[in-house]
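Visitor:
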Amino acid sequence: MTGQSTVVKGQTRAHHEKGAPPPPRVVIEGIQPEIDHGKFPIKRTVGENVVVTADIFAEGHDLVAAVLRHGPIGGTDWAEVSMSELGNDRWSGTFTVNSQGRYGYTLQAWVDYFATWRRDLSKKVDAGLNVSSELLEGAELVKQAAKRASGGDAEQLRVQADVLGHGGDIGVRVKLALSPELTSLMSRYVDRSGATAYERILGVTVERERARYGAWYEMFPRSSAPEPGRHGTFKDVESRLPYVVEMGFDVLYLPPIHPIGLSFRKGPNNTLTPGPHDPGSPWAIGSPEGGHKAVLPELGTLEDFDHLVTRAKQLGLEIALDIAYQCSPDHPYVKEHPEWFRHRPDGTIKYAENPPKKYQDIYPIDFESTDWKSLWEELRDVVLFWVSHGVTIFRVDNPHTKAFPFWEWLIREVWDRHPDTIFLAEAFTRPKVMKYLAKSGFSQSYSYFTWRTTKEGLTEYFTELTQTDVAEYMRPNLFANTPDILHESLQHGGRPAFQARLVLAATLGATYGIYGPPFEHCDGTPVRPGSEEYLDSEKYQCRFWNLDQPGTLRYFVSRVNTIRRDNSALQFDRNLRFFTISNSEMIAYAKSSPDRSDIILVIVNLDPYHAQEGSIQFPFWEFGLNESYQVHDLLTDARYDWRGEWNFVRLDPHVCPAHIFRVWR
Numbered sequence: 001m002t003g004q005s006t007v008v009k010g011q012t013r014a015h016h017e018k019g020a021p022p023p024p025r026v027v028i029e030g031i032q033p034e035i036d037h038g039k040f041p042i043k044r045t046v047g048e049n050v051v052v053t054a055d056i057f058a059e060g061h062d063l064v065a066a067v068l069r070h071g072p073i074g075g076t077d078w079a080e081v082s083m084s085e086l087g088n089d090r091w092s093g094t095f096t097v098n099s100q101g102r103y104g105y106t107l108q109a110w111v112d113y114f115a116t117w118r119r120d121l122s123k124k125v126d127a128g129l130n131v132s133s134e135l136l137e138g139a140e141l142v143k144q145a146a147k148r149a150s151g152g153d154a155e156q157l158r159v160q161a162d163v164l165g166h167g168g169d170i171g172v173r174v175k176l177a178l179s180p181e182l183t184s185l186m187s188r189y190v191d192r193s194g195a196t197a198y199e200r201i202l203g204v205t206v207e208r209e210r211a212r213y214g215a216w217y218e219m220f221p222r223s224s225a226p227e228p229g230r231h232g233t234f235k236d237v238e239s240r241l242p243y244v245v246e247m248g249f250d251v252l253y254l255p256p257i258h259p260i261g262l263s264f265r266k267g268p269n270n271t272l273t274p275g276p277h278d279p280g281s282p283w284a285i286g287s288p289e290g291g292h293k294a295v296l297p298e299l300g301t302l303e304d305f306d307h308l309v310t311r312a313k314q315l316g317l318e319i320a321l322d323i324a325y326q327c328s329p330d331h332p333y334v335k336e337h338p339e340w341f342r343h344r345p346d347g348t349i350k351y352a353e354n355p356p357k358k359y360q361d362i363y364p365i366d367f368e369s370t371d372w373k374s375l376w377e378e379l380r381d382v383v384l385f386w387v388s389h390g391v392t393i394f395r396v397d398n399p400h401t402k403a404f405p406f407w408e409w410l411i412r413e414v415w416d417r418h419p420d421t422i423f424l425a426e427a428f429t430r431p432k433v434m435k436y437l438a439k440s441g442f443s444q445s446y447s448y449f450t451w452r453t454t455k456e457g458l459t460e461y462f463t464e465l466t467q468t469d470v471a472e473y474m475r476p477n478l479f480a481n482t483p484d485i486l487h488e489s490l491q492h493g494g495r496p497a498f499q500a501r502l503v504l505a506a507t508l509g510a511t512y513g514i515y516g517p518p519f520e521h522c523d524g525t526p527v528r529p530g531s532e533e534y535l536d537s538e539k540y541q542c543r544f545w546n547l548d549q550p551g552t553l554r555y556f557v558s559r560v561n562t563i564r565r566d567n568s569a570l571q572f573d574r575n576l577r578f579f580t581i582s583n584s585e586m587i588a589y590a591k592s593s594p595d596r597s598d599i600i601l602v603i604v605n606l607d608p609y610h611a612q613e614g615s616i617q618f619p620f621w622e623f624g625l626n627e628s629y630q631v632h633d634l635l636t637d638a639r640y641d642w643r644g645e646w647n648f649v650r651l652d653p654h655v656c657p658a659h660i661f662r663v664w665r
């Protein structure tokens, strides 16, 4: 019964009672966007539009009118926007969300008897027919509108009703009947007594801009020391902030900063034989020194962290923290709340496994614990603790291994208190699970971008992400690499592969990230052939990085991020469009601002070894361009004069594997 109106549902008997009004005539169905019959809200950021379309019609030939109603959830002062017919009974309306919060929208439609009468009157007048009777009908419609009006409008409508009905000269009466002034006045007092109201209030979650657009830089604080052989500190991270800012990043993401357990601690390259000074994995959270609300002493104090957050904000950078709901065997929770963990038949707690992988240093939390309410509240309070220390962005580790209802509850609990909070779901899992997490409230989602390396794979995947209803609720955060994922394309493609993947991530998506310094150092060495793990991974040891190492991509990264900031077209996802290019090793796509004042055309050579060339088909007329136009490569500052629909391009990956063109009128 989806799409039927509330006035119709459940009221059949009432409408058959003597004297009851007939059921509404207008049908409303096929609303877009509507996620899972309204169970989940769509997502927008402040200042974005919500375009709503629906099939709206009635039997026969009467004209229909419709409005899109919208406003804050729980509020009473909702606004209305008139909807326009697109053709074939498809209607559209648009509203803008101008502040953060939870909003709703719904539709109402009715038969417009006055507009129908006016249309038919005009046809009969044009045919030279006698319309005396029709004018009397119109006078009655205007008289009824006068009863719904008040003040001067009511008086004006009564006068016009008299003129229509008994005004003498029929030409004068027809002129009044068809006048824009009468039409405008009548539109303010339409008869909605038989209106159809859509049965649901559909939701919109409106977040701040950073939920939609931003560049993330991931680094391990333990590896931030300016000299080798020393464990990095928060103060060392603070000293590195200018480096991150100069590359143009908006968010600095830090893996877990909590005390690390000693039991079953992992050594270099995930070995089970750590040395006495090996720091262990930051994801093995908890020791006698504290758990999720404490900081690793080697990094500094909580006050040092607060100073880091404050200094980052002064530089225009936000700190994002990792939320990993799991514990080392040494975590205080294990002794204080053993009921929060799963136990084997012999009474011991089960460690984490992803067969054949074993994580002996980690205990997963049991979200179905008999004490689940206290557990959930404590985990919520972990997030609120770090919010109180100035953190409002969280990358959530493996949310797909925790209960969905927990995330729906936690995100709402935090967001109702702190609507600036942003949650990123690190869930490299099955597509439906990824999408459900996004629907459940996560602001952003990891994606399959890391494994989409071919033209066909990229085109198909990003068409789904940006041109289907997935775009209404799932915002991808395109990480080109992570501490866990060194794709084989980066292992073998060298500097050109890193450059190409950076351009793809930064321009296909409004939000993207890199794990550095391995990325800008073009570190492509796996721990072993066929593995996506880094050799000497920072997950298990401290590393020293020479930030001025020859061949660094830091300046290329900075240029790409500057282009993103200077061009609003690159700050959205749903405006992506792919184009034909006559080479399977090259991909071409564009993004443009709504008014087409900012047009960015990107062409990437996906082959890191050889120069590739081809002709791109660019429908210039669709962007309001003349047949002759100029493309300006924002990476190299080169300019090219193009003409017509097809133009030739050549990209040598050892010079630069991509064009980021600004298209000029």
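Its first residue numbered 1, the sequence shown is counted upward by one per residue in full-length UniProt numbering.
We put the beta carbon where it would ideally sit given N, CA and C, even for glycine.
This structure is a prediction, so every number in the text was calculated from the model and none was measured.
#1: How long is the line joining the alpha carbons of Asp306 and His389, rounded to whole angstroms?
#2: Among Gly74, Pro72, Val27, which one has its Cα closest to the Cα of Arg56?
#3: Sorted by chain position, which residues of the same chain lie with C-beta nearer than 7 Å to Ser122's C-beta, five sequence neighbours on each side aside?
#4: Buried or exposed: where does Phe661 fall if 16 or more other Cβ atoms within 10 Å of its Cβ makes it buried?
#5: Do you know offhand how far Leu437's Cα is from Lys591's?
#6: With DSSP as the reference, label Thr468 as helix, strand or coil.
#7: Spell out a yes or no on whether the region 48-64 and the region 213-232 are touching, meaning 3 or more CB-CB pairs, one atom from each, closer than 8 Å.
#8: Any idea if Thr301 is buried or exposed, counting beta-carbon neighbours within 10 angstroms, 16 or more meaning buried?
#9: With a cut-off of 8 Å, do at least 3 Cβ pairs link the region 563-582 to the region 455-468?
#10: Give the DSSP-derived three-state secondary structure of Lys202 in the structure shown.
#11: State buried or exposed for Lys373, treating a residue as buried only when at least 16 other CB atoms are found within 10 Å of its CB.
#12: How big is the Cα-Cα spacing for residue 675 and Arg596?
#13: How many angstroms separate the CA atom of Asn477 from the CA atom of Pro24?
#14: So, under 8 Å CB-CB, Val309 and Val391 are touching, yes? Tell me the CB distance rounded to an integer number of Å.
#15: Report the CB separation of Gly457 from Glu408 in whole angstroms; it is logged as a contact under 8 Å.
#16: Report buried or exposed for Val172, applying the criterion of at least 16 other Cβ atoms within 10 angstroms of its Cβ.
#17: Using the C-alpha atoms, what's the distance from Gln100 back to Thr45?
#18: I'd like the list of long-range same chain contacts for Ala611, defined as Cβ closer than 6 Å, with 5 residues on each side in sequence excluded.
#19: Beta strand (DSSP E) containing Met632: first to last residue?
#20: Return helix, strand or coil for Val663, following the three-state DSSP convention.
#21: Could you check whether Thr482 and Tyr512 sit closer than 8 Å to each other, using their CB atoms as the reference points?
#22: Following the continuous beta strand (DSSP E) through Ile599, name the residue where it begins and the one where it ends.
#23: DSSP on Gly509, reduced to helix/strand/coil?
#24: What are the partner residues of Asp595, as DSSP defines its beta bridges?
#25: Counting only C-beta atoms, is Val663 closer than 8 Å to chain C at any point?
#26: Using DSSP with H/G/I as helix, E/B as strand and the rest coil, what is Ser376?
#27: Taking its Cβ as the centre, do 16 or more other Cβ atoms sit within 10 Å of Cys656, making it buried, or is it exposed?
#28: Can you list, in chain order, the residues of its chain whose CB lies under 7 Å from that of Thr205, leaving out five sequence neighbours each side?
#29: Please list, in chain order, all residues of the same chain as Lys350 whose beta carbon is under 8 Å from its beta carbon, the five residues on each side excluded.
#30: By DSSP, does Leu262 sit in helix, in strand, or in coil?
#31: Quick one: complete alpha helix (DSSP H) runs, 4+ long, within the region 429-470?
#32: Can you tell me whether DSSP reads Leu315 as helix, strand or coil?
#33: What is the DSSP secondary structure of His492, counted as helix, strand or coil?
#34: Leaving out the 5 sequence neighbours to the left and right, which residues in its chain are closer than 7 Å to Thr370 when beta-carbon positions are compared?
#35: Between the region 195-203 and the region 142-153, are three or more C-beta pairs nearer than 8 Å?
#36: Is the region 101-120 touching the region 71-88 in the sense that three or more CB pairs, one from each, lie closer than 8 Å?
Guide: Result, derived from the coordinates:
#1: 6 Å
#2: Residue 56 is actually Ile in this sequence, not Arg. Comparing Cα-Cα distances from Ile56 to each of Gly74, Pro72, Val27, the minimum goes to Val27.
#3: Leu178
#4: buried
#5: 27 Å
#6: coil
#7: no
#8: exposed
#9: yes
#10: Checking the sequence shown, residue 202 turns out to be Leu, not Lys. Leu202: strand per DSSP, three-state reduction.
#11: exposed
#12: The question about residue 675 has no answer, for the chain in this structure spans 1 to 665.
#13: 45 Å
#14: 7 Å
#15: Rounded, the Cβ-Cβ distance is 32 Å, inconsistent with contact.
#16: exposed
#17: 7 Å
#18: Asp652
#19: Looking at the sequence provided, one finds His at residue 632 rather than Met. Per DSSP, His632 belongs to the beta strand (DSSP E) from 628-633.
#20: strand
#21: no
#22: 599-605
#23: coil
#24: The partner list for Asp595 (beta bridge, DSSP) is empty, contrary to what the question assumes.
#25: The structure shown contains no chain C, having only a single protein chain.
#26: Rather than Ser, the amino acid found at residue 376 in this sequence is Trp. Residue state, collapsed to three classes: helix.
#27: buried
#28: Pro41, Lys43, Arg102
#29: Phe341, Arg342, His343, Arg344, Tyr363, Pro364
#30: coil
#31: 431-440, 455-467
#32: coil
#33: helix
#34: Glu339
#35: no
#36: yes
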